[in-house]
Amino acid sequence: MSTIGSDRELRLAASALPPAGEIRMVELGRHRIGLFRVGDEVHALADRCPHRGAPLCSAGDVVTGIERRPDGRLELGPAGALVRCPWHKWDFDIASGECVVEPRLRVRRYPVRHDGDDVVVSLDGGLDRP
Ligand code: FES
Numbered sequence: 213m214s215t216i217g218s219d220r221e222l223r224l225a226a227s228a229l230p231p232a233g234e235i236r237m238v239e240l241g242r243h244r245i246g247l248f249r250v251g252d253e254v255h256a257l258a259d260r261c262p263h264r265g266a267p268l269c270s271a272g273d274v275v276t277g278i279e280r281r282p283d284g285r286l287e288l289g290p291a292g293a294l295v296r297c298p299w300h301k302w303d304f305d306i307a308s309g310e311c312v313v314e315p316r317l318r319v320r321r322y323p324v325r326h327d328g329d330d331v332v333v334s335l336d337g338g339l340d341r342p
């Protein structure tokens, strides 16, 4: 993997990103961050579950959720859109960081931007914090 970065940003070649359904761990300063690809979007989440502090990204799994339609039927949600915590198996929406079981809990998200063929993960930006 080729990465270039400062202590506030990490630049990765797009080829270093994980395929959909997998998690790639990176470190930025003292932050351990999981990178995900959901559809065409790249997301960066803290490796810490907001419930009890489990290593959410480094030991969790990407899963596909089940959603209830307005008519009451169940169907599969977007493919690989959730990460499941290894300790209590709660699921978190990768795009928003929100916990499916307890919506008041949210994983810290890091800003991701595209710069040419690279992806830049930053510690700075306006994304929410738990
Ligand atoms: S520590 Fe993650 S769900 Fe409990």
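If you use the numbering used here, the sequence shown corresponds to residues 213 to 342, in order. Ideal Cβ placement from N, Cα and C applies to all residues, glycine included.
For Gly292 and Gly241, the gap between their C-alpha atoms comes out near 28 Å. Going by DSSP, Ser334 is part of the beta strand (DSSP E) stretching over 330–334. Annotated three-state conformation of Ala271 is helix, per DSSP. In the structure shown, Ala226 adopts helical secondary structure according to DSSP, grouped into three states.
Non-local beta-carbon contacts of Glu314 in its own chain, meaning distances under 8 Å to residues more than five positions away in sequence, involve His263, Trp302 in chain order. A residue is called buried once 16 or more other Cβ atoms fall within 10 Å of its Cβ, and Gly246 is buried on that count. In the three-state reduction of the DSSP assignment, Gly251 falls in the coil class, being assigned neither a helical nor a strand state. About 35 Å separates the Cβ atoms of Cys269 and Asp283, ruling out a contact at the 8 Å cut-off. Per DSSP, the unbroken beta strand (DSSP E) holding Ile278 starts and ends at 278–280.
Annotation: Leu317 is outside any beta strand (DSSP E) and is labelled neither H nor E by DSSP. Just so you know, the alpha carbons of Glu239 and Gly265 end up roughly 17 Å apart.
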